[in-house]
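Following: one structure in structure tokens, then a few remarks.
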Amino acid sequence: MKIALVGGGTAGHIVPNQVISQSISGLEPTWQVFFISSNSGFEKDLFKNTLAPVYYISSGKLRRYFDIKNFSDPFKILLGVFQSVKILHKHKPDIVFLKGGFTCVPVGLACRMLRVPFVIHESDASLGLANKILSLFSKHV
């Protein structure tokens with residue numbers, strides 16, 4: 025079994041995936057796990073001691089208020105979709121686990137395009153915007 029763990033934007037989307045990876049390694053050592061996260065500096069710091077492979081993609085935030093970045097971030101998301109397609113096509117995961125955050129949008133869209141099943145984990149009381157969008161295509165939330 026090959027599993028992709030996806031999250032980014034905050035440590036709250038990354039650290040739980042790291043714990044899941046450690047648990048899987050302990051329970052099912054033959055299963056393969058890899059991470060997909062955004063390419064910001066702080067996220068790379070969180071993964072520096074991770075044994076599983078980590079792939080970084082471009083992603084933009086989906087803001088619901090005016091910001092000049094609202095004009096460039098859709099292009100970052102589109103680039104992230106192409107990067108995600110390349111990663112998913114190369115590694116062929118059996119399932120993709122999306123923890124949440126804006127990094128999940130390009131990966132979820134790539135999963136949809138490639139027909140790779142994915143599940144969304146939401147640990148907050150209400151769905152965030154990224155998870156609301158992706159819940160339209162997910163097998164489970």
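Numbering (my numbering), first residue to last: 25 to 165. Glycine included, C-beta positions come from ideal geometry on N, C-alpha and C.
Candidates the options, of which the one nearest residue i by Cα
i: Leu138; options: Val57, Leu153, Ile44, Lys116; result: Lys116
i: Gln107; options: Phe95, Gly125, Tyr80; result: Tyr80
i: Val140; options: Ile111, Val78, Ser47, Glu52; result: Ile111
i: Met25; options: Ala35, Ser49, Gly36, His37; result: Ser49
Beta-carbon proximity list for residue i, same chain, < 8 Å, skipping 5 on both sides
i: Val143; result: Ile119, Val120, Phe121, Leu122, Ser162, Lys163, His164, Val165
i: His113; result: Leu138
i: Pro40; result: Gly31, Lys123, His145, Ser147
Assigned exposure category for residue i - 16 Cβ within 10 Å defines buried
i: Ser96; result: exposed
i: Ser150; result: exposed
i: Phe90; result: exposed
i: Val105; result: buried
Cutoff 7 Å; reference residue i; Cβ partners in own chain excluding five residues on either side
i: Ile101; result: Ser83, Gly84, Val129, Pro130
Sequence-distant residues of its chain with Cβ nearer than 6 Å to residue i (five each side left out)
i: Phe71; result: Val78
Complete alpha helix (DSSP H) runs within the stretch 113–165 (minimum length 4 residues, chain order): 128–138, 153–158
Return the chain-ordered ranges of every alpha helix (DSSP H) run that is complete within the stretch 26–93 and spans a minimum of 4 residues. 35–51, 65–70
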